[in-house]
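Read top to bottom, the protein sequences are chains A and B. Heads up, the first sequence is in the numbering used here, so the first residue is 4 and it goes up one at a time. Heads up, the second sequence is in the numbering used here, so the first residue is 4 and it goes up one at a time. Every residue, glycine too, gets a C-beta built ideally from N, C-alpha and C. Take a look at the structure set out below.
2 protein chains.
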Amino acid sequence: MSKAPQILKLDDFLPYRLSVVSNLVSRVIEETYMEDGLKQAEWRVLAVVAEAPGRTQRDVAARTRMDKVTVSRAVQALSEKALVTRAANPADGRSQLLTLTKTGDAMYQRIMPAAQAKALTIWDRLPAGEGDALFETLATVEAAALAAAKE
Amino acid sequence: MSKAPQILKLDDFLPYRLSVVSNLVSRVIEETYMEDGLKQAEWRVLAVVAEAPGRTQRDVAARTRMDKVTVSRAVQALSEKALVTRAANPADGRSQLLTLTKTGDAMYQRIMPAAQAKALTIWDRLPAGEGDALFETLATVEAAALAAAKE
DNA sequence: ATGAATAAGTTTCAAATGTAACCAATTTTC
DNA sequence: GAAAATTGGTTACATTTGAAACTTATTCAT
């Protein structure tokens, strides 16, 4: 005999709960890079390029699941702020290879630890192991959602 | 000499992972109510009012953590579509008591199970118990974030 | 090779969102 | 019990967002 409540409450609705908690956590941590005049999208591009310089916008979009328009605009903004540079891509004339400038890298080196520290103020309030478990579950859910999407 | 990656990768960054997975899951399930011409905010208001009729917009906003402007607009839309009604609040002349119309309730009764079914296509791909664990962890993270926010 | 189809990135436009200013009703305070 | 402060809700505005159209470069088929 399994539980079978016909109508769930909103609180038991997966996408709702994910969204609420995600927004909340974002808001707490955003201030870290907002102070430096970075928007969320810009911050993500910065981080991904820092991770692996030489990526194209296409790569960044795929990696972060951001829209390509969003990425385009973020790169433009970062470029204007002289935080990333775009070099011609010898392999493909349509795209450019992204790298951080010295300033960009410095900013990344400064912000990421700060954001991390802020994230830790949440992390530290979780029971031992729960944080790690969450990451694993999120990965599983991600895979499950991807599979469910294409069915 | 142990590896010491002072700088985390974006994938290990809690708000980022939450946001990516949350958006993904939302997108998969949204179509359920999008087909009925409901936006996310409207859908949430509908669900919360269905849960407990007689709530005010203030209540709904608090309950869902939505912005009060968002709630205001959603209620307006739902009201125009004749899915909710606003009755005068005897206790406070500024606010109104929200209830579902017959049509609104019918829509809720139809959509919620459908959305749930869609959510199940994800749920069913998770290892046993993992889904429940996720909900618990989300609650914990929520509390932790709230605590961290006001420190 | 050469034209058709596809892909990277940008631009445009319309819709969605949030912030701040605002109005009206309520509560507080003296 | 009136003025001040607060609160529920709406409006206006500025920003953000994504979808679709567009441009240029690349790949595919023949």
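Legend entry - Whole-number beta carbon distance between Val51/A and Arg68/A, since they are thought to touch under 8 angstroms: Not a contact, Cβ separation roughly 11 angstroms.
Inset, instruction - Sort out for me which residues DSSP pairs Arg89/B with in a bridge. - result: BP columns for Arg89/B point to Leu101/B.
Legend entry - Cβ neighbour criterion (16 or more within 10 Å) applied to Val48/B: Burial check for Val48/B: the Cβ neighbour count within 10 Å reaches 16 or more, so the residue is buried.
Inset, instruction - Answer yes or no: does any C-beta atom of chain B fall closer than 9 angstroms to that of Asp39/A? - result: It does not: the Cβ of Asp39/A has no partner Cβ on chain B nearer than 9 angstroms.
Legend entry - Three-way DSSP call (helix, strand, coil) for Arg58/A in this model: In this structure, Arg58/A counts as strand in the three-state DSSP scheme.
Inset, instruction - Give a yes or no on whether 9 angstroms exceeds the smallest Cβ distance from Arg68/A to chain B. - result: With 9 angstroms as the cut-off, Arg68/A counts as an interface residue toward chain B.
Inset, instruction - Could you check what DSSP says for Glu45/B in three-state terms: helix, strand or coil? - result: Under the three-state reduction of DSSP output, Glu45/B falls in the helix class.
Inset, instruction - Work out the CA separation of Tyr36/A and Lys42/A for me, nearest whole Å. - result: When rounded, the distance between both Cα atoms is 7 angstroms.
Inset, instruction - Measure how close the beta-carbons of Ile125/B and Leu17/A come, nearest whole angstrom, since I'm counting them as under 8 angstroms. - result: Contact flag correct, Cβ pair sits at about 7 angstroms.
Inset, instruction - May I ask you to report which of helix, strand or coil DSSP gives Met157/B? - result: With chain B covering 4 to 154 only, the question about residue 157/B has no answer from this structure.
Legend entry - CB contact flag (Val24/B, Val144/A, <9 angstroms): Using a Cβ distance threshold of 9 angstroms, Val24/B and Val144/A count as a contacting pair.
Legend entry - Members of the stretch 12-39 of chain A that neighbour chain B once the beta carbon cut-off is set at 9 angstroms: Lys12, Leu13, Asp14, Asp15, Phe16, Leu17, Pro18, Tyr19, Arg20, Leu21, Ser22, Val23, Val24, Ser25, Asn26, Leu27, Val28, Ser29, Arg30, Val31, Ile32 and Glu33: these are the residues of the stretch 12-39 of chain A whose beta carbon lies less than 9 angstroms from some beta carbon of chain B, given in chain order.
Legend entry - Three-state class that DSSP yields for Arg128/B in the structure shown: Residue state, collapsed to three classes: coil.
Legend entry - CB contact below 9 angstroms: Gly57/A versus chain B: At a cut-off of 9 angstroms between beta carbons, Gly57/A makes no contact with chain B.
Inset, instruction - Would you kindly check if the distance between the Cβ of Leu149/B and the Cβ of Leu141/A is under 9 angstroms? - result: Taking a C-beta distance under 9 angstroms as the contact criterion, Leu141/A and Leu149/B do not qualify as a contact pair.
Legend entry - Interface flag, Gln119/A vs chain B, CB-CB below 9 angstroms: Yes - at least one Cβ of chain B is within 9 angstroms of the one on Gln119/A.
Legend entry - Extent of the continuous alpha helix (DSSP H) to which Glu34/A belongs: Leu17 to Met37 is the span of the alpha helix (DSSP H), which, as asked, contains Glu34/A.
Legend entry - Min CB distance Arg76/A to chain B below 9 angstroms: No, Arg76/A does not count as interfacial toward chain B.
Legend entry - Through-space distance from Arg97/A to Glu34/B, alpha-carbon basis: CA-CA distance, Glu34/B to Arg97/A, rounds to 34 angstroms.
Inset, instruction - Find out if the Cβ-Cβ distance for the pair Arg89/B, Val72/B is shorter than 9 angstroms. - result: No; because the gap between Cβ atoms is not below 9 angstroms, this pair is not in contact.
Inset, instruction - Count the other C-beta atoms from every protein chain shown that fall within 10 angstroms of the C-beta of Arg58/B, then say buried if there are 16 or more, exposed otherwise. - result: Counting C-beta atoms within 10 angstroms of its own C-beta, Arg58/B has 16 or more neighbours from the protein chains shown and is therefore classed as buried.
Inset, instruction - Return the residue from the list Gln112/A, Val63/A and Val28/A that minimises the CA-CA distance to Gln11/B. - result: According to the sequence displayed, residue 11/B carries Leu and not Gln. The candidate whose alpha carbon is nearest that of Leu11/B is Gln112/A.
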